[in-house]
Amino acid sequence: MVKKLLKEIKNRDNNYNRALRVSRMNREPLHIEPKQYGTDNAKWVRELRRLKMRERRKPQRVEELRTSQARKTPMFKQIQRRPSKKRQQDRARQFIYGLRVARDRNA
Numbered sequence: 001m002v003k004k005l006l007k008e009i010k011n012r013d014n015n016y017n018r019a020l021r022v023s024r025m026n027r028e029p030l031h032i033e034p035k036q037y038g039t040d041n042a043k044w045v046r047e048l049r050r051l052k053m054r055e056r057r058k059p060q061r062v063e064e065l066r067t068s069q070a071r072k073t074p075m076f077k078q079i080q081r082r083p084s085k086k087r088q089q090d091r092a093r094q095f096i097y098g099l100r101v102a103r104d105r106n107a
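In UniProt numbering, the protein residues as written are 1 to 107.
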């Protein structure tokens, strides 16, 4: 199991690096003069961010992430379903109001 996960991670890294290399080659000419060879950090950061966002937008990847999250943290769903503080307060108010109405009816 661990070997398989490590292999997947390695493949993902290789694919990511290949995508970086290809996209960079597409943008820059192949006859590169030595002074142009290094790209400044901002360009790389922008490129990495763009690729990460593109990776994130893939529907299959999103689904995989969802399922893996669900497997990892079954408690997470229960925590998410818990009503917000405001909703809890509203319910409490409605409950108290209902008690008052019932009391007034009986009196």
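The C-beta atom is built at its ideal place from N, Cα and C for all residues, glycine as well. Small disclaimer: the values here were computed from a predicted structure and weren't measured.
Under the three-state DSSP convention, the category Q36 falls into: Numbered from 1 along the sequence shown, position 36 holds the residue referred to as residue 36. Unreliable placement is indicated for Q36, whose pLDDT of 49 sits below 50; no coordinate value is reported for it.
Alpha carbon of L5 to alpha carbon of N26, nearest angstrom: Position 5 of the sequence shown, counting from 1, holds the residue named residue 5. Position 26 of the sequence shown, counting from 1, holds the residue named residue 26. The straight-line gap from Cα to Cα measures roughly 31 angstroms.
As assigned by DSSP and simplified to three states, the class of M53: Here residue 53 corresponds to residue number 53 of the sequence shown, with the count starting at 1. Residue state, collapsed to three classes: helix.
Euclidean distance between Cα positions of K43 and L20: The count along the sequence shown starts at 1 and reaches residue 43 at position 43. The count along the sequence shown starts at 1 and reaches residue 20 at position 20. Rounded to the nearest angstrom, the two C-alpha atoms are 12 angstroms apart.
Simplified DSSP assignment, three categories, for S84: Along the sequence shown, one-based indexing puts residue 84 at 84. Correct three-state label for S84: coil.
Same chain only: Cβ atoms within 8 angstroms of L51, ignoring 5 sequence neighbours per side: Numbered from 1 along the sequence shown, position 51 holds the residue referred to as residue 51. Result list for L51: Y16, A19, L20 and S23, in chain order.
Nearest-angstrom Cα separation, counted from M53 out to E63: Residue mapping note: residue 63 aligns to position 63 of the sequence shown, counting from 1. Residue mapping note: residue 53 aligns to position 53 of the sequence shown, counting from 1. In a straight line, the C-alpha of E63 is about 15 angstroms away from that of M53.
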